[in-house]
DNA sequence: ATTAACGTTTACGTTAACGTAAACTTTGTG
DNA sequence: CACAAAGTTTACGTTAACGTAAACGTTAAT
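Protein chains in written order, with our numbering: chain W, 240 to 376; chain Y, 240 to 376.
Quick look at the structure:
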């Protein structure tokens, strides 16, 4: 008994995507909203799944990868073998995410440099040592 | 006077991409290696550009976005107006990257949960409170 | 009852980022 | 010299992730 189902356009506007996008995700089996006749009714769980999908997409995951990610939360943890496999999977994904974080940090560092150069070039109090290129790039 | 030019296959294998990919980037105007007759010769600067491109791609930037990012390092900072525009651009990009970092952190947190559940379910010393779903998802 | 707003299915179109293949040249090596 | 390895251009193919359009149903309000 969910608090209240969402319409497709509610979710679309909340997440800043088109309804087509949401239907597309369903078409690909990433979500399976209930129906009231023809109309789709999205539960809170559906909403979360969409949120997770979009979160993945923002950092460049494919839809397939997003599915894999989401499915981890609801695994068939029957035997120890499966659990170990899942743990290995988790490890992989963690490595992957950490690499992306490093990538982002490197880019942020680049932005810092550019900003400093701009500002000093705009008349921020002039540096004693003139701002040479740092080595991060 | 670069230390020594790279061949296309050297760079391809160093970065784990195909030569096709590198030629494609050139086709799109992202790099412009020198030539020895027909053969391409990549300078250290070319190498850096490729590195930056791939870094961008890993976090889901399009090639176009990568170009924009790279071009910031070599701007036409003539007047103050341009510099202010550049600073605004930097700000935008920073926001964008920080959002992606938040996305990644959220996903890492999810991984932590899954891992804990797995491990405790595998016979890590059993919890007193049975490991209920936390609220982060 | 007739619009207007929102929903639905079906289907073809599009863009980005390469893959793959063919046909050819250049370069080093036994 | 012969031939294999690596390089080149040209061109068509492919996949993912939607966009866009047509044609239609449902409900709410004027």
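Think of the CB as a built atom: it goes at the ideal place given N, C-alpha and C, for glycine as much as any other residue.
Quick caveat: nothing in here was measured; it's all calculated off a predicted structure.
Under 8 Å, do residue 300 of chain Y and residue 336 of chain W count as touching if we go by C-beta distance?
Not in contact: residue 300 of chain Y and residue 336 of chain W (Cβ atoms no closer than 8 Å).
Need the endpoints of the beta strand (DSSP E) that residue 279 of chain W sits in, please.
Start and end: 278-280.
Express the C-alpha separation of residue 315 of chain Y and residue 360 of chain W in angstroms, rounding to a whole number.
Their backbone Cα atoms lie some 12 Å apart in a straight line.
Out of curiosity, what's the CA-to-CA distance linking residue 376 of chain Y and residue 309 of chain W?
In this predicted model, residue 376 of chain Y has a pLDDT of only 40, less than 50, meaning its place in the structure is not dependable enough to derive any value.
Examine chain Y for any beta-carbon lying closer than 8 Å to the beta-carbon of residue 360 of chain W, and answer yes or no.
Yes - at least one Cβ of chain Y is within 8 Å of the one on residue 360 of chain W.
For a quick check, are the C-beta atoms of residue 326 of chain W and residue 354 of chain Y less than 8 Å apart?
Contact: yes.
Establish whether the CB of residue 310 of chain Y and some CB of chain W are separated by less than 8 Å.
It does not: the Cβ of residue 310 of chain Y has no partner Cβ on chain W nearer than 8 Å.
Any beta-carbon of chain Y closer than 8 Å to the one on residue 357 of chain W?
Cβ-Cβ to chain Y under 8 Å: yes for residue 357 of chain W.
Shortest alpha-carbon distance to residue 242 of chain W belongs to which of W:276, W:285, W:351 and W:293?
Cα-wise, what sits closest to residue 242 of chain W is W:285.
Just the C-alpha distance for residue 371 of chain W and residue 328 of chain W, rounded to the nearest angstrom, thanks.
Since pLDDT at residue 371 of chain W reaches only 49, below the 50 mark, its modelled position is unreliable, and no value is offered.
Pull up the DSSP beta-bridge partners for residue 312 of chain Y, would you.
DSSP lists no partner for residue 312 of chain Y.
Less than 7 Å between C-beta atoms, sequence neighbours within five positions excluded: which residues of the same chain meet that for residue 298 of chain W?
Taken in chain order, the residues that qualify are 339.
Quick check: what's the CA-CA separation for residue 344 of chain W versus residue 271 of chain Y?
When rounded, the distance between both Cα atoms is 27 Å.
Starting from residue 286 of chain Y, trace the beta strand (DSSP E) both ways and give me its first and last residue.
Premise fails: residue 286 of chain Y lies in the alpha helix (DSSP H), 283-297, not in any beta strand (DSSP E).
For residue 325 of chain W and chain Y, any beta-carbon pair shorter than 8 Å?
Yes, its Cβ sits closer than 8 Å to a Cβ of chain Y.
By the 10 Å Cβ neighbour count, where 16 or more other Cβ atoms means buried, how is residue 247 of chain W classified, buried or exposed?
Looking at its Cβ environment, which holds 16 or more other Cβ atoms inside 10 Å, residue 247 of chain W is buried.
With DSSP as the reference, please indicate the residues paired to residue 275 of chain W in a beta bridge.
In the DSSP output, where bridge partners are listed per residue, residue 275 of chain W has W:278.
Of all the CB atoms in chain Y, is at least one closer than 8 Å to the CB of residue 256 of chain W?
Output row for residue 256 of chain W: interface = no.
Determine which residues of the region 293-307 of chain Y have a Cβ less than 8 Å from any Cβ of chain W, and write them out in chain order.
If the cut-off is 8 Å between Cβ atoms, the region 293-307 of chain Y has 294, 295, 296, 297, 298, 299 and 300 near chain W.
Under a CB-based cut-off of 8 Å, is residue 340 of chain W close to chain Y?
Taking Cβ atoms only, chain Y reaches closer than 8 Å to residue 340 of chain W, which makes this a yes.
Give me the Cβ distance between residue 280 of chain Y and residue 274 of chain Y, rounded to the nearest whole Å; I'm assuming they're in contact under 8 Å.
Confirmed, about 7 Å.
If you follow the alpha helix (DSSP H) that residue 340 of chain Y is in, where does it begin and where does it stop?
That run of the alpha helix (DSSP H) goes 319-360.
Between the Cα of residue 266 of chain W and the Cα atoms of W:255, W:295 and W:303, which residue gives the shortest distance?
The shortest Cα separation from residue 266 of chain W among W:255, W:295 and W:303 belongs to W:303.
State the start and end residues of the unbroken alpha helix (DSSP H) segment that holds residue 259 of chain Y.
Run containing residue 259 of chain Y: 258-266, per the alpha helix (DSSP H) assignment.
Measuring only between beta-carbons, confirm whether residue 250 of chain Y sits less than 8 Å from chain W.
False, the Cβ-Cβ gap to chain W never drops below 8 Å.
Can you check whether the C-beta of residue 370 of chain W is within less than 8 Å of a C-beta belonging to chain Y?
Residue placement at residue 370 of chain W is flagged as unreliable, the pLDDT there being 47, under the threshold of 50; a coordinate-derived value is accordingly withheld.
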